[in-house]
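J.:
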Amino acid sequence: MSEAEARLDRAYRILSGDDSDERSCEAIPDSACSDVPRNYVYNVANGASTKLAEQLAGPNLVLPWVLSMLGTPAVIIGLLMPAKQVGSLAPQLAVSGQIRRLARRQWAWVGAGITQAVMLLFIALAVVTLGPVSGGLTVLLCFTVFSIASGVGSVAFQDVTGKTIPKGRRGRMLANRAAIGGSLTLLAGLALHYGFGAEAGVGVYAGLIAAAAGLWLLGAAFFALMDETPGATEGGRNPLQELKNGLVISARYPGYRGFLYTRALLLSVELAMPFYALHGREVFGGEVAALAVFIVTVGLASVISSPVWGYFSDRSSRTVLALSGLLATLAGVVALVIGGIEALQSPIIYTSVFVILGIAEAGVRLGRKTYLVDAAPKDERPLYIAFSNTTIGVLAVAGGLFGLIAQVFGIQVLVVVLLLLSLAGAAAAWAMPEAERMLESPSA
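With the sequence shown counted from 1, adding 27 to any position gets you our numbering.
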């Protein structure tokens with residue numbers, strides 16, 4: 028073993044907690060077993076880079092913030108989150124069949140990561156050179172392309188993970204990605220708060236976006252360093268064939284349908300953060316919306332929760348999804364209580380809502396990824412992932428109704444709707460089979 032391999036092995040043992048010399052390689056090719064430490068460490072490094080990048084240039088925080096500073100109309104800003112969900116999820120059936128043609132699917136992720144970096148550089152340029160409307164529309168267009176590339180990367184990532192990381196280590200690996208990225212996010216938020224405070228202008232935020240572009244390039248480099256065993260390339264299908272086959276498997280397997288129902292309901296958790304920010308602003312005038320407070324809170328939530336979620340996801344990702352739904356319900360209850368009791372209406376107390384919601388959101392994302400990677404058959408994993416993501420992407424269009432509910436009935440009514448959806452998602456998750464039983468008992 029070379030010195031570099033020895034260092035990767037030590038890092039793997041620390042991150043994964045696997046001290047055994049007789050390493051389990053369940054559910055991956057035998058030829059990939061010796062490459063597990065290398066792939067695990069580079070996968071974690073990729074995740075740490077991209078998780079931080081997502082917080083430095085995300086549609087729920089930094090991009091709306093900088094566009095509002097430019098004076099961009101709210102109708103354009105309000106399209107960022109739907110663009111993220113629809114752009115990243117809906118087109119995946121169109122690419123999953125094509126990804127099957129690649130013997131090494133990691134290159135699909137690398138290409139997507141480079142594309143995302145380029146789009147962020149265009150966005151950074153737009154916010155410092157264009158006006159409120161032209162800049163806003165340019166940002167929206169570039170971010171839509173960014174999101175489509177994210178969808179390509181998502182299909183490739185989960186398939187590569189299924190080929191390179193053994194079952195029983197995937198949840199922990201995803202947790203390492205989130206926890207390290209969350210720690211870096213926490214440090215970035217503190218640096219922003221104490222380095223610039225209230226004096227930060229558009230140029231500072233454009234710099235954050237450009238830094239996020241650099242992190243995406245770094246993530247692409249780490250993913251390129253992984254050693255993926257070439258797989259079969261036959262059986263590539265066009266989008267209509269993928270759609271047909273996706274409908275067939277969803278009709279045939281009740282367990283997969285249960286996963287789709289659960290994920291649809293828990294989508295409310297992943298869309299909720301901006302609306303809780305709106306609720307906080309209504310309760311006490313906006314202090315909680317300070318950029319540094321958001322960034323620190325999100326980072327703290329990831330650091331606290333990810334190791335725990337990862338540990339339990341390797342044992343029961345179904346349970347992780349159910350608990351995450353319950354926590355999101357609790358976040359809604361706490362928000363309503365704070366909104367109804369004047370003595371509790373302070374930014375510091377309301378931050379607890381974001382901590383709880385951040386923990387829940389981390390659990391939903393980690394649990395659903397681990398569940399489907401473990402449950403789907405390896406030869407058809409891209410189909411199961413893409414059909415799930417495309418279905419949720421189409422449903423995400425309905426997420427625009429959340430804003431309409433808030434405008435017509437008030438933000439407190441929307442908080443009630445969100446907590447009821449998350450509670451229903453928790454119940455649906457509890458009713459699902461465990462991942463290894465998802466394909467049992469097919470319908471006649």
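Every residue gets a Cβ at the ideal spot worked out from N, C-alpha and C, and that includes glycine. Keep in mind that this is a model prediction, so the values were computed, not measured.
How is the alpha helix (DSSP H) around R395 delimited, first residue to last?
T.: Taken as a continuous stretch (DSSP letters only), the alpha helix (DSSP H) holding R395 covers P374 to A402.
J.: Are the beta-carbon atoms of E255 and V182 separated by less than 9 Å?
T.: In this structure, V182 does not lie closer than 9 Å to E255 by Cβ.
J.: Return the Cβ separation of G246 and S76 in integer angstroms, given the expectation that the two are a contact with Cβ distance under 8 Å.
T.: Right, their Cβ atoms sit about 4 Å apart.
J.: Helix, strand or coil: which one does DSSP assign to N25?
T.: The structure shown has nothing for residue 25, since the chain only spans 28 to 471.
J.: With distances taken between CB atoms, is the gap from V380 to A362 smaller than 9 Å?
T.: Cβ atoms of V380 and A362: closer than 9 Å.
J.: Between which residues of its own chain and F173 is the CB-CB distance below 6 Å, once the five residues before and five after are set aside?
T.: Closer than 6 Å at Cβ, skipping near neighbours: Q143 and M146.
J.: Is G180 closer than 9 Å to T397 when the C-beta atoms are compared?
T.: Contact: no.
J.: Runs of 4 residues minimum, wholly inside the region 84-144: which ones carry the alpha helix (DSSP H) assignment?
T.: For the region 84-144, whole alpha helix (DSSP H) runs of length 4 or above, ordered along the chain, are 89-97, 101-104, 107-116 and 119-126.
J.: What is the rounded straight-line gap between the Cα of W457 and the Cα of R395?
T.: Spanning the two alpha carbons is a distance of roughly 13 Å.
J.: What residue range is occupied by the uninterrupted alpha helix (DSSP H) comprising S161?
T.: Unbroken alpha helix (DSSP H) run through S161: P159 to T191.
J.: With distances taken Cα to Cα, identify the nearest neighbour of A304 among F170, S277 and A358.
T.: Of the listed residues, the one whose Cα sits closest to A304 is A358.
J.: Closest to V444 by CA distance: which of L428, A454 and A455 is it?
T.: That would be L428, whose Cα lies nearest to the Cα of V444.
J.: Going by alpha carbons, who is nearest to N70 out of L94, R284, R196 and L287?
T.: For N70, the nearest C-alpha among the options comes from R196.
J.: By how many angstroms is the C-alpha of A387 removed from the C-alpha of L148?
T.: Spanning the two alpha carbons is a distance of roughly 31 Å.
J.: Please check the pair N203 and G366, which I expect to be a contact at CB under 8 Å, by giving their CB distance rounded to whole angstroms.
T.: That pair is no contact at about 36 Å.
J.: If you measure between the beta carbons of S415 and F286, is that distance less than 9 Å?
T.: In this structure, F286 lies closer than 9 Å to S415 by Cβ.
J.: With a threshold of 16 other CB atoms inside 10 Å of the CB of T212, please say whether the residue is buried or exposed.
T.: So T212 ends up on the buried side.
J.: By a C-beta neighbour count over all protein chains shown, 10 Å radius and 16 as the cutoff for buried, is I41 buried or exposed?
T.: With fewer than 16 other Cβ atoms within 10 Å, it is exposed.
J.: Taking only three categories from DSSP, how would you classify M200?
T.: If DSSP states are grouped into helix, strand and coil, M200 belongs with the helices.
J.: Spatial neighbours of L446 within its chain, please: C-beta separation below 6 Å, excluding the five flanking residues on both sides.
T.: Counting only Cβ-Cβ distances below 6 Å, and skipping sequence neighbours, we find T356 and G359.
J.: Output needed for Q133: all residues of its chain with C-beta closer than 8 Å, excluding positions within five of it in sequence on either side, in chain order.
T.: Only A183, V187, F250, A251, M253 and E255 meet the Cβ criterion.
J.: What does a CB cutoff of less than 7 Å around T289 pick up in its chain, not counting 5 residues either side in sequence?
T.: Correct list, in chain order: L348, G452, A455, A456 and M459.
J.: Quick one: Cα of N87 to Cα of E30, how far?
T.: Each residue's alpha carbon lies about 43 Å from the other.
J.: Near G313, what residues of its chain come up, given a Cβ to Cβ distance below 6 Å and the 5 sequence neighbours on each side ignored?
T.: Bear in mind that a pLDDT of 49 at G313, under 50, signals an unreliable position, so the number given afterwards is only what the model happens to contain. Here the set comprises nothing.
J.: State the DSSP-derived secondary structure class of Y280, mapped to helix, strand or coil.
T.: Coil, per DSSP.
J.: Find out if the Cβ-Cβ distance for the pair L83, A239 is shorter than 9 Å.
T.: Against a cut-off of 9 Å, the Cβ pair of A239 and L83 comes out as a contact.
J.: Which residues mark the beginning and the end of the alpha helix (DSSP H) in which V231 is found?
T.: Element bounds for V231: V229 to A251.
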